[in-house]
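Enquirer: In my numbering, the protein residues as written are 11 to 288. Backbone N, C-alpha and C fix where the C-beta goes; we use that ideal spot for every residue, glycine too. These numbers were taken from a predicted model, which means no experiment stands behind them.
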Ligand SMILES: [Zn+2]
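See the structure below:
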């Protein structure tokens with residue numbers, strides 16, 4: 011990923027998505043907004059307890075960076091489902107400049123130019139999908155629950171159904187999230203992964219492979235690599251390996267730069283992913 015600064019706003023972009031004509035995208039950082047305290051400064055979550063006017067202003071600043079207006083944004087309603095919504099012009103502004111009209115939506119897809127999809131993060135995995143052939147985009151939120159239920163595959167399937175997307179055309183990005191070293195999980199969560207992804211458990215001393223992303227710490231705790239798991243799900247869905255860009259940055263390792271739920275014990279704002287067709 012690339013680090014960028016525009017009008018004092020610091021944000022990240024993918025190299026592979028930046029090369030595609032006709033789209034805009036960004037992943038926010040904590041820098042360049044007006045929020046204070048634990049929300050400092052670029053909090054993009056309205057439900058974290060921050061002042062609404064500050065979040066509004068933060069969205070206006072991100073809109074400027076993306077060369078659009080806040081009323082172009084359409085927000086998810088994230089509850090760790092694998093539900094994907096087809097976004098059309100009638101959704102414009104939902105969750106940002108007017109109230110949300112839907113619930114339990116962790117993935118958004120659209121082929122309507124001018125709309126910018128928005129999803130929220132603080133350790134969970136942002137999944138970006140661009141179909142340059144059918145001219146369509148998808149953006150999904152994938153925490154451990156979304157990962158075990160294959161949110162990435164659900165998004166590809168929705169793009170297939172609505173736009174005729176061929177998975178081999180997709181160009182994808184996996185955004186900043188919590189890394190394996192920082193993401194300790196309990197045995198019951200680990201069990202869900204070994205059930206759903208047989209063979210995902212690493213042997214002692216092994217490094218992460220294409221199909222292995224879970225490490226047993228031996229004390230009833232496990233380490234989970236959400237990036238590797240979501241990459242595998244994209245590969246299973248038919249996305250070419252060379253079309254997937256992975257981040258080199260962990261939210262939990264960089265809590266001053268990115269919001270991290272784990273690093274702050276939940277006292278934090280939200281980062282946002284943005285993706286749309288011009
Ligand atoms: Zn980390």
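I'd like the list of long-range same chain contacts for residue 113, defined as Cβ closer than 8 Å, with 5 residues on each side in sequence excluded.
Expert: Reading the chain shown from its first residue, position 103 is the one you call residue 113. Counting only Cβ-Cβ distances below 8 Å, and skipping sequence neighbours, we find 87 and 89.
Enquirer: Looking at the unbroken alpha helix (DSSP H) that takes in residue 145, where does it start and where does it end?
Expert: Taking the first residue of the chain shown as 1, we reach residue 145 at position 135. Run containing residue 145: none; DSSP gives neither H nor E here.
Enquirer: May I have the straight-line CA-CA distance separating residue 93 from residue 148, to the nearest angstrom?
Expert: Residue 93 sits at position 83 when you count from the first residue of the chain shown. Residue 148 sits at position 138 when you count from the first residue of the chain shown. If I take the Cα positions, the gap works out to 12 Å.
Enquirer: Considering only residues of the same chain and omitting the five flanking positions on each side of residue 74, which have a CB-CB separation below 8 Å?
Expert: Along the chain shown, read from residue 1 onward, the residue named residue 74 stands at position 64. Cβ neighbours of residue 74 beyond the five flanking positions: 16, 17 and 19.
Enquirer: Roughly how many angstroms separate the alpha carbons of residue 116 and residue 102, rounded to a whole number?
Expert: Start at 1 with the first residue of the chain shown, and residue 116 comes out as number 106. Start at 1 with the first residue of the chain shown, and residue 102 comes out as number 92. Their Cα atoms are separated by approximately 17 Å.
Enquirer: Using the Cα positions of residue 42 and residue 22, report the straight-line distance between them to the nearest angstrom.
Expert: If you number the chain shown from 1, residue 42 lands on position 32. If you number the chain shown from 1, residue 22 lands on position 12. Approximately 13 Å, taken between the alpha carbons.
Enquirer: Using beta-carbon positions only, say whether residue 104 and residue 193 come within less than 9 Å of one another.
Expert: The residue given as residue 104 occupies position 94 in the chain shown. The residue given as residue 193 occupies position 183 in the chain shown. The answer is no: Cβ separation not under 9 Å.
Enquirer: Using the beta carbon as the reference atom, which residues fall closer than 7 Å to any heavy atom of ligand 1, ordered along the chain?
Expert: Working through the chain, the matches are 188, 189, 191, 192, 260, 262 and 263.
Enquirer: If you compare alpha carbons, which of 63, 38 and 35 is closest to residue 46?
Expert: As a working note, residue 46 is residue 36 in the chain shown. Ranking the options by Cα distance to residue 46, first place goes to 63.
Enquirer: Taking Cβ to Cβ, would you say residue 128 is nearer than 9 Å to residue 27?
Expert: As a working note, residue 128 is residue 118 in the chain shown. As a working note, residue 27 is residue 17 in the chain shown. No.
Enquirer: I'd like to confirm the pairing. Which residues does DSSP put opposite residue 286 in its beta bridges?
Expert: As a working mapping, residue 286 is identified with position 276 in the chain shown. Bridge partners of residue 286: 34 and 126.
Enquirer: What residue range does the alpha helix (DSSP H) around residue 41 cover?
Expert: As a working note, residue 41 is residue 31 in the chain shown. Residue 41 -> no alpha helix (DSSP H), and no H or E assigned at all.
Enquirer: Tell me whether residue 34 is buried or exposed, calling it buried when 16 or more other Cβ atoms sit within 10 Å of its Cβ.
Expert: As a working mapping, residue 34 is identified with position 24 in the chain shown. Buried: at least 16 other Cβ atoms inside 10 Å.
Enquirer: So is residue 254 buried or exposed if we call it buried at 16+ other beta carbons inside 10 Å?
Expert: Numbered from 1 along the chain shown, position 244 holds the residue referred to as residue 254. Result: buried.
Enquirer: May I ask you to verify whether the segment 134–153 touches the segment 214–226, counting CB pairs closer than 8 Å and requiring at least 3?
Expert: Short answer: they don't touch.
Enquirer: For residue 106, count the other beta carbons within 10 Å of its own beta carbon; 16 or more makes it buried, fewer makes it exposed. Which is it?
Expert: The count along the chain shown starts at 1 and reaches residue 106 at position 96. Buried, since its Cβ has 16 or more Cβ neighbours within 10 Å.
Enquirer: Can at least three beta-carbon pairs, one atom from the segment 229–243 and one from the segment 129–140, be found at a separation below 8 Å?
Expert: Because the criterion of three Cβ pairs below 8 Å is met, the segment 229–243 and the segment 129–140 touch.
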